[in-house]
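Just below is one structure, and these are the notes that go with it.
Residue numbers (my numbering): 9 to 364.
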C-alpha cells in the first residue's frame, strides 16, 4: 500500500521522512505517554480497532468516501466504548498499575468451590502470587511456595539461629511468611509498582515475623555492587509474565550467587514454565560450578486449590551439608528426560535450547 501511494521521485525524501517521524512519535507515545494515560494496554486494543477500520476503508475507498460524518462519529464512539469496556473488565481489578516493565493488576474474588475470598497479583497472563483473605489463613504460604514445594522444603524447617534469606523477585511477598523472629528476608525487586501493590493490597510483608529489607533495581547489578550478604538461602524467582530473565540464569550469575551464599547455603531457582524446560539449563550451570543439583516437582493439592504445581531447582555445593536426611534424598540423579544442555553464559544463551 505504501508503494502504491508513493509520490513522485522528487517528493520521496519527505514521504519517507514522514513515515519515520510517525514511527518515532508512536514509539515515544507507547514508552512515555501511554503508561501515564492508561493503566492497562488500552492503546494496543484501540490501535487494533483502528487498524481493522483502516483495513476496511482501504479495501473499499469509494464506500469510505460516501460514509457520512455521523457514521465516522458512531464508529469512533463504538471503538471508545469497546476500549473502555476492556479497561473496566481489566481482570475486574481492584487496583492496576502500569510502568515501563508492564501492566500489573490486583484482583479480589471468591473461589468457585468453597467461596473462600482471596486476592491475586497478575502480570500479563502470569499469576505472581495470591493471598487468602481470612484472618486465620492469610499467613499461609500459597501458589508456588507451599511447604511441599522445593523452596518450602528448604525454608519451612525451623532454624536454631537466625537466617539470612535473599529473594530475587518480590511477587506479593509470600516467602516472608516463612521467616522466624530472628530471620532477615532481603527482597530484590526491579519494578517499583510490584512493591507498591504488595504493600498496599497484601499483608505478607506487614505480617512477617522477621526483619524485611527491600532493595530496588536489577538484582544482578545490585548484588555485584554489594558486599557479600552471606545468605543461608537465596531464592531466584524473578520471572515477569512468561519472560525469562536470561541474565539471571547464566554461569556468571550463578557464580555471583555463590559469592553471596554462606557456607552450606542453598540456591533455590523457580523454573516453572509452560513453554520452556529450564531444568537442563540450571543443571548445566550447576555442573559448570561443580554444585549438587536437584529438581523438585510439586504437583500441588486438589483439595488445597491455592497451592499450584511448581518446579524448583535446589543447588548446594555438597548435598552432605544438609543435616536433614529428607533433604539429602532430594538429590538423586535427575530423570533421563531432563537432558543436559550447554550452560548459558553471558556471551552465549539461546531460548531455543530450552523450548519444550
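Ideal Cβ positions, reconstructed from N, Cα and C, are used throughout, including at glycine. Keep in mind that this is a model prediction, so the values were computed, not measured.
Cβ-Cβ distance between residue i and residue j below 8 Å
| i | j | result |
| --- | --- | --- |
| residue 240 | residue 176 | no |
| residue 218 | residue 243 | no |
| residue 171 | residue 191 | yes |
| residue 115 | residue 124 | no |
| residue 293 | residue 333 | no |
| residue 301 | residue 162 | no |
| residue 106 | residue 48 | yes |
| residue 168 | residue 195 | no |
| residue 186 | residue 149 | yes |
| residue 103 | residue 208 | yes |
| residue 261 | residue 255 | yes |
| residue 257 | residue 290 | yes |
| residue 232 | residue 270 | no |
| residue 316 | residue 152 | yes |
| residue 312 | residue 364 | no |
| residue 12 | residue 20 | no |
| residue 166 | residue 155 | no |
| residue 339 | residue 327 | yes |
Cβ shell of residue i (< 6 Å), same chain only, five flanking positions each side left out
| i | result |
| --- | --- |
| residue 121 | none |
| residue 324 | 274 and 300 |
| residue 259 | 293, 296, 351 and 353 |
| residue 265 | 242 and 275 |
| residue 337 | none |
| residue 330 | 336 |
| residue 97 | With a pLDDT of 48 at residue 97, under the threshold of 50, the predicted position of this residue should be treated as unreliable, though the coordinate-derived value follows. Cβ neighbours of residue 97 beyond the five flanking positions: none. |
| residue 376 | Residue 376 lies beyond the range of the chain shown here (9 to 364); nothing can be said about it. |
Under the three-state DSSP convention, the category residue i falls into
| i | result |
| --- | --- |
| residue 239 | strand |
| residue 271 | strand |
| residue 25 | helix |
| residue 278 | strand |
| residue 301 | strand |
| residue 284 | strand |
| residue 215 | helix |
| residue 260 | helix |
| residue 246 | coil |
| residue 234 | coil |
| residue 19 | helix |
| residue 12 | coil |
Close Cβ partners of residue i (< 7 Å) along its chain, the five nearest in sequence each way excluded
| i | result |
| --- | --- |
| residue 51 | 38 and 42 |
| residue 7 | Summary: the structure shown does not reach residue 7, with the chain confined to residues 9 through 364, and so no result is reported for it. |
| residue 212 | 139, 180, 181, 182, 184 and 185 |
| residue 99 | Note that residue 99 scores a pLDDT of 49, beneath 50, so its modelled location is shaky and nothing firm can be said. |
| residue 189 | 217 and 218 |
| residue 26 | none |
| residue 147 | 185 and 215 |
Neighbourhood of residue i by C-beta, 8 Å cutoff - its chain only, sequence neighbours within 5 removed
| i | result |
| --- | --- |
| residue 253 | 246 and 247 |
- Please specify which runs of the alpha helix (DSSP H), each continuous and at least 4 residues long, are wholly inside the stretch 309-363, giving them in chain order. 333-336
- Task: Give a yes or no on contact between the stretch 127-142 and the stretch 202-212, applying the rule of three or more CB pairs nearer than 8 Å.
- Result: yes
- Message: List, from N- to C-terminal side, the beta strand (DSSP E) runs of 3 residues or more that fit wholly inside the stretch 87-166.
- Response: 101-107, 110-118, 125-131 and 134-140
- Item | 4-residue-minimum alpha helix (DSSP H) runs that sit fully inside the stretch 166-212, ordered along the chain | 200-209
- Message: If contact is defined by three or more beta carbon pairs under 8 Å, each pair taking one atom from either stretch, is the stretch 102-115 in contact with the stretch 226-241?
- Response: no
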